[in-house]
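Residue numbers (my numbering): 12 to 765.
Glycine residues also receive a C-beta, built at the ideal position from the N, C-alpha and C atoms.
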Ligand code: PEP
Ligand code: MG
């Protein structure tokens, strides 16, 4: 059964649209379970009706025509109870309702299971039999498992445009798609779909003007792949046993086959561009293999996909060089990466919408650094269909409108104008100091990592750099940068900000920050080899970086070091020893380097409980709330499925940060926050109330937070902190702080507009 389940799920995910996916489900289930009827009803959330969307066994004409409220019929009963209903003789049940158009009276046995997504019933899956006998438990469990596997995809389809939109394949522009706020601001522009290389399943359809050129483009890619495979065969023939080398012969045969090449050319002739046409052909072939019972033949589906990827890759490398970015590009993709943002010409990207990720993903952090509004975790956006469409992304609320209605557009144009006024007002704060009305200084520093965000950081009025993420210069190279290369990069930052302080964090790779040239494959990367764990295991990498930083600071003396992911005292002591060693070496080489201040990031729960021990050995602490939140709440910071649970205003996070502030102060050490919490206006009030010494954030957040600091007296911040600590849940905490911001005239910081 498991195998059947996998096969159905795979076929469904390869389906071109939802109608096709639903048809596949009912067809396959009816065959496999050997039942007389299999149908799917989906919930129209607006009218609260269940609509028959696909059936095998009932009259085909009843699809779309049968609509019933939750309170009616057995299907309604399944939805109402959100539980399976299993009956041997349905017509006997008081809730049985007869629909003449379906011919349903002939069936007795009835089993319905709810399709539930995010705690909401989105549909009902039904099987029926002529015979009068209850379905066994195994069948009930199987159907429930299928329903749970399909729920996400179905909810996605529903969100695109409701049930009616789904039937007409229309996207409703007045209906927002919901994601997570990623970076504040409002983006109004044109969707530009970006994809990782060679992801054949996410290639969209696109019409072509010159079909002959497009066909030639495809054929050229095929010729290139053929040469590539032939070279491979030559290399492998000697090394591989005969049977295995035959695999490549099969590849070559496929590359010549009419069914693969001819079918793709036909699709291009019908008007689709080459990558879209190829996707369809590969999908068709691969699913034919997937559906085979013979495991050997089923495996061949993978070969077809592999070949498809190779051809696609050839076409994409050429396409990437010619991709056009209008001046109002809103990048849309399954997973927008930092490099995709960097690839676009500067100034052309006005927004980002990513299916995956959340507020604290590194892409969102980068978007904030660049002042680009972003919505993350928008898993309902039909990436394949939106390229070139008008799109609005609201980075405050996480709402996205595709093909927005005139009313929605007008409203957002108004809000964007207000935003611009607000930003102009905030710019005026640039030269004012960050001080509360009762005279408490809370210096604001910038988080940087890219050469391109140095200038915005300076312009924002930052008093220095509170977190320089050194991994970005490592990520954009194809090997570890050497000492002098690193020294140059660091020197530029230190010089630009001098005499202001710059806190450089040592290499923090692992987790979601991968280096292409240092692959780490782990089941739980966030609990694995990351941050200081890697650099302590590789002192040669660590020492090169430390020496580069120290040498870069000669004569400037504005460097502080920050150690990431410290989870115990031993790690700190080993790091201190290596720092002393690097310092001694550089001095020995004749460089007059002063010993930098050394800070520890508190981003692991164990560090919270040992904050005093850490503070005693270090010069300062800096709370990394992005990771601390994920580890305290056990919520992956990049997983959009649990993004709603990721909340830095959670009482547990607040208490942990308070504990760190108290511990640092008890040891006479300053403490800052350099996670995204520092740039959250609501959280900033509480951090002020806790007595935080400084805050470090994206340049784009800095003026907003300065406005907060200059608007709230410390006594008022403490009062609000005490008040919200009485709440047991993050929701009322955020609500209360938003009201406080509104009352102080700062409502524009937490929603679109002024
Ligand atoms: C953090 O975890 O809060 C932090 C600042 O580090 P990063 O976001 O780079 O993991
Ligand atoms: Mg971190």
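Same chain, Cβ closer than 7 Å to residue i, neighbours up to 5 away in sequence not counted
i           : result
residue 534 : none
residue 671 : 613, 619, 622, 632, 634 and 682
residue 15  : 43
residue 134 : 51, 52, 53, 54, 126 and 165
residue 715 : 437, 692 and 760
residue 546 : 517, 518, 552 and 553
residue 593 : 554, 557, 558 and 561
residue 396 : 215
residue 489 : 527 and 528
residue 589 : 550, 553, 554 and 557
residue 567 : 505, 506 and 509
residue 211 : 290, 293, 316, 319, 320 and 323
residue 204 : 215, 343, 344, 394, 397 and 398
residue 213 : 206, 345, 394 and 395
Expected contact under 8 Å - CB spacing of residue i and residue j to nearest Å
i           : j           : result
residue 582 : residue 637 : With 8 Å as the limit, residue 582 and residue 637 do not qualify as a contact, their Cβ atoms being about 19 Å apart.
residue 751 : residue 406 : Incorrect: roughly 22 Å between the Cβ atoms, too far for contact.
residue 521 : residue 572 : Not really, about 19 Å apart at Cβ, beyond 8 Å.
residue 163 : residue 119 : The Cβ separation is near 33 Å, so there is no contact.
residue 343 : residue 403 : Between residue 403 and residue 343 the Cβ distance is about 12 Å, and since that is not below 8 Å, they are no contact.
residue 387 : residue 410 : Between residue 410 and residue 387 the Cβ distance is about 12 Å, and since that is not below 8 Å, they are no contact.
residue 459 : residue 445 : Between residue 445 and residue 459 the Cβ distance is about 18 Å, and since that is not below 8 Å, they are no contact.
residue 151 : residue 427 : With a Cβ gap of about 52 Å, residue 151 and residue 427 do not count as contacting.
residue 424 : residue 199 : 7 Å
residue 201 : residue 340 : 6 Å
residue 3   : residue 68  : Outside the modelled stretch of the chain, which goes from 12 to 765, sits residue 3, for which no answer is possible.
residue 314 : residue 378 : So it is not a contact: roughly 39 Å between Cβ atoms.
Sub-9 Å separation of residue i and residue j beta-carbons
i           : j           : result
residue 215 : residue 123 : no
residue 289 : residue 157 : no
residue 188 : residue 389 : yes
residue 98  : residue 121 : yes
residue 739 : residue 747 : no
residue 447 : residue 724 : yes
residue 279 : residue 225 : yes
residue 365 : residue 385 : yes
residue 368 : residue 143 : no
residue 537 : residue 523 : yes
residue 608 : residue 576 : no
residue 363 : residue 352 : yes
residue 372 : residue 649 : yes
residue 298 : residue 21  : yes
residue 457 : residue 713 : yes
residue 728 : residue 764 : no
residue 302 : residue 229 : no
residue 704 : residue 453 : yes
Beta-carbon proximity list for residue i, same chain, < 8 Å, skipping 5 on both sides
i           : result
residue 263 : 237, 240, 241 and 244
residue 658 : 640, 644, 664, 741 and 745
residue 450 : none
residue 513 : 475, 476, 479, 504, 505, 569, 570 and 571
residue 602 : 561, 562 and 565
residue 797 : There is no way to answer for residue 797, as the model of the chain reaches only from 12 to 765.
6 Å CB neighbourhood of residue i in its chain, flanking five on each side removed
i           : result
residue 355 : 336
residue 13  : none
residue 775 : With the chain covering 12 to 765 only, the question about residue 775 has no answer from this structure.
residue 276 : 226
residue 114 : 70
Legend entry - Any 3 or more C-beta pairs closer than 8 Å across the stretch 426-445 and the stretch 217-226: Taking 8 Å as the limit for Cβ pairs, the verdict is that the stretch 217-226 does not touch the stretch 426-445.
Inset, instruction - Count the CB pairs spanning the stretch 692-701 and the stretch 639-657 that are closer than 8 Å, and state whether there are at least three. - result: No, the stretch 692-701 does not touch the stretch 639-657.
Inset, instruction - Determine, using beta-carbon pairs with one atom in the stretch 76-91 and one in the stretch 104-112, whether at least three such pairs fall under 8 Å. - result: Taking 8 Å as the limit for Cβ pairs, the verdict is that the stretch 104-112 does touch the stretch 76-91.
Inset, instruction - Would you check if there are 3 or more beta carbon pairs closer than 8 Å linking the stretch 485-497 to the stretch 748-757? - result: Short answer: they don't touch.
Inset, instruction - Count the CB pairs spanning the stretch 271-290 and the stretch 225-233 that are closer than 8 Å, and state whether there are at least three. - result: Touching, yes.
Legend entry - Uninterrupted beta strand (DSSP E) stretches inside the stretch 725-761 (no shorter than 3 residues): Listed in chain order, nothing qualifies, since the stretch 725-761 has no complete beta strand (DSSP E) run of 3 or more residues.
Legend entry - Length-filtered (4 minimum) alpha helix (DSSP H) runs lying within the stretch 397-440: Entirely contained in the stretch 397-440, the alpha helix (DSSP H) runs reaching 4 residues are, in chain order, 417-438.
Legend entry - Segments of 4+ residues assigned as alpha helix (DSSP H) that fall wholly inside the stretch 442-514: Qualifying alpha helix (DSSP H) stretches, in chain order: 465-470, 482-486 and 494-508.
Inset, instruction - Can you check the stretch 294-370 for any alpha helix (DSSP H) of at least 4 residues that lies completely inside it and give the ranges in chain order? - result: If we require 4 residues or more, the alpha helix (DSSP H) runs fully inside the stretch 294-370 come out as 306-333 and 349-354.
Legend entry - Secondary structure, beta strand (DSSP E): runs of 3+ residues fully inside the stretch 608-649: Counting only runs of at least 3 residues, the stretch 608-649 fully encloses the following beta strand (DSSP E) elements, listed from N- to C-terminal order: 608-613 and 631-634.
Legend entry - Those runs of the alpha helix (DSSP H) which lie wholly inside the stretch 68-102 and span at least 4 residues: Whole alpha helix (DSSP H) segments, 4+ residues: 84-92.
Inset, instruction - Would you mind listing the beta strand (DSSP E) stretches within the stretch 666-719 that are 3+ residues and don't spill past its ends, in chain order? - result: Taking 3 residues as the minimum length, the beta strand (DSSP E) runs contained wholly in the stretch 666-719 are 682-684 and 705-708, in order along the chain.
Legend entry - Secondary structure, alpha helix (DSSP H): runs of 4+ residues fully inside the stretch 506-576: Runs found: 543-548 and 550-563.
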